[in-house]
Amino acid sequence: MARRSYAKPIYKAAQEWKARCLTRDASVFYPGAALWTLEHLSALRTAFTEHPELGSDEFLVKFQRQLHGQPPEVIQLAAEMLWVLFLF
Numbered sequence: 261m262a263r264r265s266y267a268k269p270i271y272k273a274a275q276e277w278k279a280r281c282l283t284r285d286a287s288v289f290y291p292g293a294a295l296w297t298l299e300h301l302s303a304l305r306t307a308f309t310e311h312p313e314l315g316s317d318e319f320l321v322k323f324q325r326q327l328h329g330q331p332p333e334v335i336q337l338a339a340e341m342l343w344v345l346f347l348f
């Protein structure tokens, strides 16, 4: 499949994310930070997946409640995960 020229920045960003986060547990937004670690991923999974927020509130409102009390690194990881989700 041919890559379209308008998609080049998206592919470049995805490659940078892969290189920093998946191979080095680093961060896309915070140079030098180790965010994509098993510890932080587990904490985010517990906060988000194991504590669903039901109701009619908007996603971001519920997401903020789920992340309340988490260390800054976990909240930053959540932001990076949303960025990856919306990258494409």
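Per the working numbering, the very first residue in the sequence shown carries number 261; after that it's consecutive. The C-beta atom is built at its ideal place from N, Cα and C for all residues, glycine as well.
Would Val321 be called buried (16 or more neighbouring beta carbons within 10 Å of its own) or exposed? Within the sequence shown, residue 321 is the residue found at index 61, counting from 1. Classification for Val321: exposed.
With a threshold of 16 other CB atoms inside 10 Å of the CB of Ile335, please say whether the residue is buried or exposed. As a first step, residue 335 must be located in the sequence shown, where it is residue number 75. Ile335 comes out buried.
Are at least three pairs of beta-carbons, each pair with one atom in the segment 338-347 and one in the segment 283-303, less than 8 Å apart? Yes, they touch.
Take every Cβ of the segment 295-309, pair it with every Cβ of the segment 263-275, and state whether three or more of those distances are shorter than 8 Å. With fewer than three CB-CB distances shorter than 8 Å, the segment 295-309 does not count as touching the segment 263-275.
Which of the three DSSP states, helix, strand or coil, is assigned to Ala338? Here residue 338 is taken as the residue at index 78 of the sequence shown, counted from 1. Here Ala338 sits in helix by DSSP.
For Ser316 and Gln324, I'd like the C-alpha separation in whole angstroms. Position 56 of the sequence shown, counting from 1, holds the residue named residue 316. Position 64 of the sequence shown, counting from 1, holds the residue named residue 324. Distance between the alpha carbons of Ser316 and Gln324: 14 Å.
Identify which residue in Leu347, Leu314 and Ser302 has its Cα closest to the Cα of Pro331. As a first step, residue 331 is located in the sequence shown; it is residue number 71 there, counting from the start. The residue with the shortest Cα to Cα distance from Pro331 is Ser302.
Beta-carbon gap between Leu282 and Trp296 smaller than 9 Å: Within the sequence shown, residue 282 is the residue found at index 22, counting from 1. Within the sequence shown, residue 296 is the residue found at index 36, counting from 1. With respect to the 9 Å criterion, Leu282 and Trp296 are classified as neighbours on the basis of their beta carbons.
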